[in-house]
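S.K.: In order, the protein sequence lines correspond to chains A and B. Just so you know, we're using our numbering here: the first sequence kicks off at 1068 and counts up by one. Just so you know, we're using our numbering here: the second sequence kicks off at 1068 and counts up by one. Yeah, the Cβ is synthetic: ideal placement off N, Cα and C, and Gly gets one too. Nothing here was measured: the structure is a model prediction, and the numbers come from that model. Sharing a structure, written as structure tokens. Questions coming.
2 protein chains.
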Amino acid sequence: MRVVITGASGFVGNGLARHLCVQPDALGRPISRLVLADLGAAEASLAGHDIVEWRCGDLTDPAYLDLLLDEPVDCLFHLASLPGSLAEREPDLGWSVNLTAPFELARRLGRQGRLTGRPPRVVFASTIAVYGPLGPESASEYNVARPAISYGAHKLMTEILLADLSRRGEVDARSIRLPGIVARPATESGHGSAFMSLLFYKAATGEPYVCPVAQEATAWWMSLPCCVSNLVHAARLDSARLPARRVWQLPVLHARVGEVVEALGRRYGAGNVGQIAFEPNEAIESLFGRFPPIVTPEALAFGFMADADTDALVAMVMGD
Amino acid sequence: MRVVITGASGFVGNGLARHLCVQPDALGRPISRLVLADLGAAEASLAGHDIVEWRCGDLTDPAYLDLLLDEPVDCLFHLASLPGSLAEREPDLGWSVNLTAPFELARRLGRQGRLTGRPPRVVFASTIAVYGPLGPESASEYNVARPAISYGAHKLMTEILLADLSRRGEVDARSIRLPGIVARPATESGHGSAFMSLLFYKAATGEPYVCPVAQEATAWWMSLPCCVSNLVHAARLDSARLPARRVWQLPVLHARVGEVVEALGRRYGAGNVGQIAFEPNEAIESLFGRFPPIVTPEALAFGFMADADTDALVAMVMGD
């Protein structure tokens, strides 16, 4: 099967690409070609793997989209996006990358589906930013989406488009809403939730770090390996039993920042995590540090997974 | 103030235009210019009114959009759309008219808002088709939207875009979800819910008519005058007290087809409505004839209105 990953140089995209190179039958059938799309090839370029083909370019360029999809695709993972904080500062770029690019991609895949009669599978990395402000009470996967940043609004609109094209039989989409995936490299910019990842690196090295949210701040966490498993699982779901909505809120590990730091302390020693100070920034904490518990019975019934607890999270993140 | 109505030759658009010509201060300040936009001017072209200026063209043409918005707009009513059934049959046209046209319109208005510092008001005619299939239990304005036709999906996506641009202060949008507005002229094609309007004309003339849903079928009804009042009310809402979502499900008159026919019988005589037969078509009834009651406390609190009962509906529709 022919598989495409957009955003393949990113943290999640590259993790998925590496996984599929090691397990080329992870999607149920052997992958004959894994097309990796991004502005540039990642450092972990996977050059040694025969199935890999990098096709670098800009998803906002229609000519590049045509090139990327010049042969029928069996499964496309759409992970490319402009991070939320950056998209707020650069609204026109956010519009192009987070809205028109996935729309144009979806339309082209839909046209392929109509021509071949085989709707390509599309796994879309949506986001918990679709919800907007959540109250302190327990949330649910059925919460009404009221995005408070354009990044969330654009992802939500793309979910709706993909569900509609799936209903028409043009694509076979599965959107999953991702929480904060850790531990993103410190070089990745534009994520307001960067502190969630930095805690891991600082604890590992013992460097001083001023965390912009309090220990009591709560977030939804997921390790990269757990996220990759969920992406693969989404691609493998049987088309015949999917709900019309085609969207799942992934189960998450709901934990306080202090609990994660404690788990990091058990792994790296109290001395290392003792270098972490907490100076809450209201703007960051209100957006990324006040997540209530969330129940996701439908996602669990469909076989999606969360990291079990903070120790498991740390072990997965650190590749223990 | 400078006001624009798109879809000004349509049933609702022309009703609104006529109302604003008769009451040019209905929006709170005098209208100095009422720009009417559609593919062609309506028969009721309102030529005698000094404030009216027709600018005919195709909203899917960017050059026309630029022309339409060549001067700063204070309030734009976006009513133009391709009806749902037609959009299902002509998906590319539906995409252009119901998705990219409002997006481009919103972007241009947003640019105007950024340049002038005065975000233009946008009243967007959304639709109850955003909900998709509703169960038999009472629905609410907070029901999760799961559109079952592209028309509904595209309207929902536009609501989300307008709320996001409002949050950014680029436009000042108010989306209202319209039920079936009666009585549309029989010449308007593409509406699967055409039977709701035809009942009125057939009862008035006493012509035989085979209604494609049963007397027990339930629908959400609204007269054109009530709809126009709600559009005007939406435009007048105080910006300072609007919720972030910027969407209201209008209150509706929930009534069985048989109840409306009875009211028509009281108005036109049992002989006239005796010519109406009922031969339910499952496809039409499942989409347009099984609406549960709906509660809309938020819309009522904001001052939106429904027709009081079936007799009031008939009187309003027939201009009594």
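1. Here's a check: name, in chain order, each residue in its chain whose Cβ is nearer than 7 Å to the Cβ of B/GLY1325, leaving out the five neighbours to either side.
2. Verify whether the separation of the beta carbon atoms of B/SER1205 and B/ILE1361 is less than 8 Å.
3. Thinking just about the alpha-carbon of each residue, which of A/GLY1082, A/ALA1104, A/PRO1091 is nearest to the one in A/ALA1111?
4. Which residues mark the beginning and the end of the alpha helix (DSSP H) in which A/VAL1327 is found?
5. CB-CB under 7 Å to B/ARG1313, same chain, minus the five flanking residues each way: which ones, in chain order?
6. Helix, strand or coil for B/HIS1321 per DSSP?
7. Compute the distance between the beta-carbons of A/VAL1102 and A/VAL1070, then report whether it is under 8 Å.
8. With DSSP as the reference, please indicate the residues paired to B/SER1290 in a beta bridge.
9. Is A/ALA1322 closer than 8 Å to A/THR1285 when the C-beta atoms are compared?
10. Could you pull out every residue in the same chain whose Cβ sits closer than 6 Å to the Cβ of B/HIS1258, ignoring the five residues on either side in sequence?
11. If A/SER1290 and A/ASP1374 are in contact, beta carbons under 8 Å, what's the gap, nearest whole angstrom?
12. Return the residue from the list B/HIS1145, B/PRO1187, B/PRO1359 that minimises the CA-CA distance to B/SER1306.
13. Given a threshold of 16 other Cβ atoms within 10 Å of its Cβ, counted over all protein chains shown, does B/ASP1376 qualify as buried or as exposed?
14. From the DSSP output, read off the bridge partner residues of B/THR1272.
15. Quick check: the segment 1211-1225 of chain A against the segment 1151-1164 of chain A, are there 3 or more CB pairs under 8 Å?
16. With contact counted as at least three CB pairs below 8 Å, one residue from each stretch, are the segment 1140-1156 of chain A and the segment 1258-1274 of chain A in contact?
17. Specify, as a first and last residue, the run of the alpha helix (DSSP H) that A/ALA1104 falls within.
18. Go ahead and pull the three-state DSSP assignment for B/ALA1261.
19. If you scan the segment 1111-1185 of chain A from start to end, which runs of the beta strand (DSSP E) of 3 or more residues do you find wholly inside it?
20. Going by DSSP, name the residue or residues bridged to A/ASP1239.
21. Would you mind telling me which residues of chain B sit closer than 9 Å to A/LEU1228, beta carbon to beta carbon, in chain order?
22. Alpha carbon to alpha carbon, how far is B/LEU1176 from B/VAL1238? Give it in angstroms, no decimals.
23. Just the chain B side, please: which residues come within less than 7 Å of A/SER1422 by C-beta, in chain order?
24. Just to confirm my understanding: we take B/SER1207, look at its own chain, exclude 5 residues before and 5 after, and list those with CB closer than 6 Å. What are they?
25. Is A/ARG1100 close to chain B, meaning its C-beta is less than 8 Å from at least one C-beta of that chain?
26. Using the Cα positions of B/GLN1342 and B/TYR1335, report the straight-line distance between them to the nearest angstrom.
27. By the 10 Å Cβ neighbour count, where 16 or more other Cβ atoms means buried, how is A/VAL1015 classified, buried or exposed?
28. Report the option in B/GLY1247, B/GLY1095, B/LEU1304, B/ASP1133 whose CA atom is closest to the CA atom of B/PHE1078.
29. Report yes if the C-beta distance between A/ALA1108 and A/THR1073 is below 8 Å; otherwise report no.
30. Along the beta strand (DSSP E) that carries A/ILE1343, what are the first and last residues, could you check?
31. Helix, strand or coil for B/VAL1299, going by three-state DSSP, please let me know.
32. Looking at C-alpha atoms only, which residue of B/ALA1330, B/LEU1132, B/ILE1098, B/THR1127 is the closest neighbour of B/HIS1116?
33. Where does B/GLY1356 land, buried or exposed, given buried means 16+ other C-beta within 10 angstroms?
34. On the premise that A/ILE1195 lies in contact with A/ARG1244, defined as a C-beta separation below 8 Å, what is that separation, rounded to the nearest angstrom?
35. How about B/LEU1135 and B/ARG1122: are their beta carbons less than 8 Å apart?
36. Say whether chain B places a C-beta atom closer than 8 Å to the C-beta of A/VAL1295.
M.R.: Quick answer:
1. To locate residue 1325 of chain B, count along the second sequence from 1; it is residue 258. GLN1282, GLU1283.
2. Residue mapping note: residue 1205 of chain B aligns to position 138 of the second sequence, counting from 1. Residue mapping note: residue 1361 of chain B aligns to position 294 of the second sequence, counting from 1. Going by C-beta atoms, B/SER1205 is nearer than 8 Å to B/ILE1361.
3. Position 44 of the first sequence, counting from 1, holds the residue named residue 1111 of chain A. Among A/GLY1082, A/ALA1104, A/PRO1091, the Cα nearest to that of A/ALA1111 is on A/GLY1082.
4. Working through the first sequence from its first residue, we reach residue 1327 of chain A at position 260. Per DSSP, A/VAL1327 belongs to the alpha helix (DSSP H) from 1324-1335.
5. Locating residue 1313 of chain B in the second sequence gives position 246, where the first residue counts as 1. The residues are LEU1229, ALA1230, SER1233, ALA1240, ARG1241, SER1242.
6. Taking the first residue of the second sequence as position 1, residue 1321 of chain B is located at position 254. Looking at B/HIS1321 - three-state DSSP - the assignment turns out to be strand.
7. The sequence position of residue 1102 of chain A within the first sequence is 35, counting from 1. The sequence position of residue 1070 of chain A within the first sequence is 3, counting from 1. A contact, by the Cβ cut-off of 8 Å.
8. In the second sequence, counting from the first residue as 1, residue 1290 of chain B sits at position 223. DSSP output for B/SER1290 lists B/VAL1249 as bridge partner(s).
9. On the first sequence, residue 1285 of chain A is found 218 positions in, with the first residue counted as 1. On the first sequence, residue 1322 of chain A is found 255 positions in, with the first residue counted as 1. In contact: A/THR1285 and A/ALA1322 (Cβ atoms closer than 8 Å).
10. Reading the second sequence from its first residue, position 191 is the one you call residue 1258 of chain B. So the qualifying residues of the chain are PRO1150.
11. Numbered from its first residue, the first sequence carries residue 1290 of chain A at position 223. Numbered from its first residue, the first sequence carries residue 1374 of chain A at position 307. The pair is a contact, with the Cβ atoms about 5 Å apart (cut-off 8 Å).
12. Walking along the second sequence from the start, residue 1306 of chain B turns up at place 239. For B/SER1306, the nearest C-alpha among the options comes from B/PRO1187.
13. If you number the second sequence from 1, residue 1376 of chain B lands on position 309. Classification for B/ASP1376: exposed.
14. Your numbering for residue 1272 of chain B matches position 205 in the second sequence. The partner list for B/THR1272 (beta bridge, DSSP) is empty, contrary to what the question assumes.
15. yes
16. In the pairwise beta carbon analysis, the segment 1140-1156 of chain A is classified as touching the segment 1258-1274 of chain A: at least three pairs are separated by under 8 Å.
17. The residue given as residue 1104 of chain A occupies position 37 in the first sequence. Note, A/ALA1104: premise wrong, no alpha helix (DSSP H); beta strand (DSSP E) at 1100-1105.
18. Within the second sequence, numbered from 1, the residue matching residue 1261 of chain B stands at position 194. DSSP places B/ALA1261 in the helix class (H, G or I) of the three-state scheme.
19. 1119-1123, 1142-1145
20. Counting from 1 along the first sequence, the entry for residue 1239 of chain A is found at position 172. The partner list for A/ASP1239 (beta bridge, DSSP) reads A/ARG1188.
21. Residue 1228 of chain A sits at position 161 when you count from the first residue of the first sequence. Those are LEU1166, ALA1220, HIS1221, MET1224, listed as they occur along chain B.
22. Within the second sequence, residue 1238 of chain B is the residue found at index 171, counting from 1. Within the second sequence, residue 1176 of chain B is the residue found at index 109, counting from 1. So the two alpha carbons sit approximately 7 Å from each other.
23. The question about residue 1422 of chain A has no answer, for chain A in this structure spans 1068 to 1387.
24. To locate residue 1207 of chain B, count along the second sequence from 1; it is residue 140. So the list reads VAL1362, once near-sequence residues are dropped.
25. Along the first sequence, one-based indexing puts residue 1100 of chain A at 33. For A/ARG1100, the answer is no, since every Cβ of chain B falls outside 8 Å of its Cβ.
26. Counted from its first residue, the second sequence places residue 1342 of chain B at position 275. Counted from its first residue, the second sequence places residue 1335 of chain B at position 268. Looking at the two C-alpha atoms, the distance is approximately 12 Å.
27. This structure cannot speak to residue 1015 of chain A, because chain A is shown only from 1068 to 1387.
28. Along the second sequence, one-based indexing puts residue 1078 of chain B at 11. For B/PHE1078, the nearest C-alpha among the options comes from B/GLY1247.
29. Numbered from its first residue, the first sequence carries residue 1108 of chain A at position 41. Numbered from its first residue, the first sequence carries residue 1073 of chain A at position 6. No, Cβ-Cβ distance for A/ALA1108 and A/THR1073 is not below 8 Å.
30. On the first sequence, position 276 is the one that residue 1343 of chain A refers to. Per DSSP, A/ILE1343 belongs to the beta strand (DSSP E) from 1343-1345.
31. The residue given as residue 1299 of chain B occupies position 232 in the second sequence. Here B/VAL1299 sits in helix by DSSP.
32. Within the second sequence, the letter at position 49 stands for residue 1116 of chain B. Minimum Cα distance to B/HIS1116 is reached at B/ILE1098.
33. Here residue 1356 of chain B refers to the residue found at position 289 of the second sequence. Result: buried.
34. Looking up residue 1244 of chain A in the first sequence gives position 177. Looking up residue 1195 of chain A in the first sequence gives position 128. About 5 Å separates the two Cβ atoms, so the contact holds.
35. For the purposes of this step, residue 1135 of chain B is taken as the residue at position 68 of the second sequence. For the purposes of this step, residue 1122 of chain B is taken as the residue at position 55 of the second sequence. Yes, these two residues count as a Cβ contact at 8 Å.
36. For the purposes of this step, residue 1295 of chain A is taken as the residue at position 228 of the first sequence. It does not; no Cβ of chain B falls within 8 Å.
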